[in-house]
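Following this note's numbering, the numbering of the sequence shown begins with 3 at its first residue and continues without gaps.
Using N, Cα and C, we set each Cβ at its ideal position, and we do this for glycine too.
Bear in mind the structure is a predicted one, so any value in this text is a computation, not a measurement.
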Amino acid sequence: MFSHIKDLQFEAKPDGPDAAFARRLQEVLGGKWGEMTVANQYLFQGWNCRLPGKYKDLLLDVGTEEVGHVEMIVTMITRLLDNAPLSLSESVADNPWGAATYAGSNPAHFIHGGGGALPADSNGVPWNGAFITASGNLMADFQLNVTAEAQGRLQVARLFNMTDDPGVKQMLRFLLARDTMHQNMWLAAIEQLKEDGLEGMPVPEAFPDSGEFSDEFSYTYLGFSAGTDAAQGRWASGPTPDGKGEFRYDDNPVANAPEPALAPGDPRLYGTNPGVVGGW
Numbered sequence: 003m004f005s006h007i008k009d010l011q012f013e014a015k016p017d018g019p020d021a022a023f024a025r026r027l028q029e030v031l032g033g034k035w036g037e038m039t040v041a042n043q044y045l046f047q048g049w050n051c052r053l054p055g056k057y058k059d060l061l062l063d064v065g066t067e068e069v070g071h072v073e074m075i076v077t078m079i080t081r082l083l084d085n086a087p088l089s090l091s092e093s094v095a096d097n098p099w100g101a102a103t104y105a106g107s108n109p110a111h112f113i114h115g116g117g118g119a120l121p122a123d124s125n126g127v128p129w130n131g132a133f134i135t136a137s138g139n140l141m142a143d144f145q146l147n148v149t150a151e152a153q154g155r156l157q158v159a160r161l162f163n164m165t166d167d168p169g170v171k172q173m174l175r176f177l178l179a180r181d182t183m184h185q186n187m188w189l190a191a192i193e194q195l196k197e198d199g200l201e202g203m204p205v206p207e208a209f210p211d212s213g214e215f216s217d218e219f220s221y222t223y224l225g226f227s228a229g230t231d232a233a234q235g236r237w238a239s240g241p242t243p244d245g246k247g248e249f250r251y252d253d254n255p256v257a258n259a260p261e262p263a264l265a266p267g268d269p270r271l272y273g274t275n276p277g278v279v280g281g282w
């Protein structure tokens with residue numbers, strides 16, 4: 003059950019309109035790594051979580067906060083679109099830079115949104131539910147959540163350098179601060195899962211070792227690049243992070259099966275089959 007508080011978590015008010023930047027800001031609203039993605043991802047992970055208590059609350063708390071971030075960015079985009087020129091002649095009449103702003107704006111903001119934000123990315127591609135993952139395995143999901151926050155923080159940091167508006171920058175600073183918390187929080191949650199004995203590496207930990215394949219394949223780095231530079235990495239020697247083996251470097255990987263020979267296909271599918279010269 004949700005309720006809406008009319009106040010924003012943080013102010014979302016630009017110092018002036020900027021329709022071109024409103025288009026760019028759409029990326030962290032409706033892009034693959036935007037706030038719509040993380041809000042829905044955390045909520046679905048929480049709703050699907052079969053483990054009551056702190057983990058479920060964690061997911062639902064952060065998902066709810068991210069819904070608030072969606073509202074903040076929508077509000078900012080809408081305010082950036084205020085008084086935007088609707089025609090080229092209008093934009094030129096307003097100021098010398100108006101034509102550039104008009105050219106950089108997203109027509110859909112006005113045609114579809116009536117001067118408001120859209121559930122889409124900076125190219126106008128609609129947000130897609132396929133962006134979210136809720137696997138039911140908390141270790142797998144938490145690791146993806148770290149990535150989601152890192153990618154989102156990267157994009158917000160890049161946007162920070164694309165605007166000179168003090169009000170926009172203040173909101174972006176706040177979002178960057180919260181992303182810092184969320185990255186650290188998911189990393190802590192990963193460690194908590196291990197401490198609670200619920201899940202470890204590799205995921206799923208409950209799956210038994212791969213039998214006779216473990217010694218040869220589970221911890222062997224296969225070098226397919228020229229040279230042996232990769233052998234200098236932490237992943238090529240020493241104990242593995244899961245504590246179950248030792249890394250081994252193989253700079254001469256070999257095939258473990260012969261070249262496949264496929265049987266002729268069903269002639270009714272009209273594929274090109276071996277040994278066929280003419281008709282059937």
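Exercise for the section: On a CA-only basis, which of Tyr221, Ala105, Val69 and Phe112 is nearest Arg81? Give me that one, please. Expected result: Along the sequence shown, read from residue 1 onward, the residue named residue 81 stands at position 79. The candidate whose alpha carbon is nearest that of Arg81 is Phe112.
Practice task
State the DSSP-derived secondary structure class of Asp252, mapped to helix, strand or coil.
Solution key: Locating residue 252 in the sequence shown gives position 250, where the first residue counts as 1. DSSP places Asp252 in strand when its eight states are reduced to three.
Problem - Identity of the residue in Phe226, Arg155, Val170 and Leu140 nearest Ala190 by Cα - result: Sequence index remark: in the sequence shown, residue 190 carries index 188 (1-based). Comparing Cα positions, the closest option is Leu140.
Problem - Neighbour-count burial assignment, Thr274, 16 or more Cβ in a 10 Å radius - result: The count along the sequence shown starts at 1 and reaches residue 274 at position 272. Classification of Thr274: exposed, given that the 10 Å Cβ count is below 16.
Exercise for the section: Pick helix, strand or coil for Ala122, following the three-state DSSP scheme. Expected result: Start at 1 with the first residue of the sequence shown, and residue 122 comes out as number 120. DSSP places Ala122 in strand when its eight states are reduced to three.
Practice task
Taking Tyr57 as part of the beta strand (DSSP E), name the residues at either end of that continuous run.
Solution key: Here the question's residue 57 lines up with position 55 in the sequence shown. Per DSSP, Tyr57 belongs to no beta strand (DSSP E); it is in the alpha helix (DSSP H), Lys56 to Leu82.
Problem - Residue from Val30, Lys34 and Thr66 whose Cα sits closest to the Cα of Gln47 - result: Start at 1 with the first residue of the sequence shown, and residue 47 comes out as number 45. Comparing Cα positions, the closest option is Thr66.
Handout entry: Spatially closest choice to Val158 from Glu214, Leu177, Lys196 and Val76, by CA coordinates
Key = Indexing the sequence shown from 1 puts residue 158 at position 156. It is Leu177 whose Cα lies nearest to the Cα of Val158.
Practice task
State the DSSP-derived secondary structure class of Tyr272, mapped to helix, strand or coil.
Solution key: Position 270 of the sequence shown, counted from the first residue, corresponds to residue 272. Tyr272: coil per DSSP, three-state reduction.
Problem - Complete runs of the beta strand (DSSP E) confined to the segment 198-234 [at least 3 residues] - result: 222-224
Exercise for the section: Give the straight-line distance between the Cα atoms of Gln43 and Glu197, rounded to the nearest whole angstrom. Expected result: As a position in the sequence shown, residue 43 is number 41, starting the count at 1. As a position in the sequence shown, residue 197 is number 195, starting the count at 1. Distance between the alpha carbons of Gln43 and Glu197 is about 24 angstroms.
Handout entry: Sub-8 angstroms separation of Gly240 and Ala232 beta-carbons
Key = Reading the sequence shown from its first residue, position 238 is the one you call residue 240. Reading the sequence shown from its first residue, position 230 is the one you call residue 232. The answer is no: Cβ separation not under 8 angstroms.
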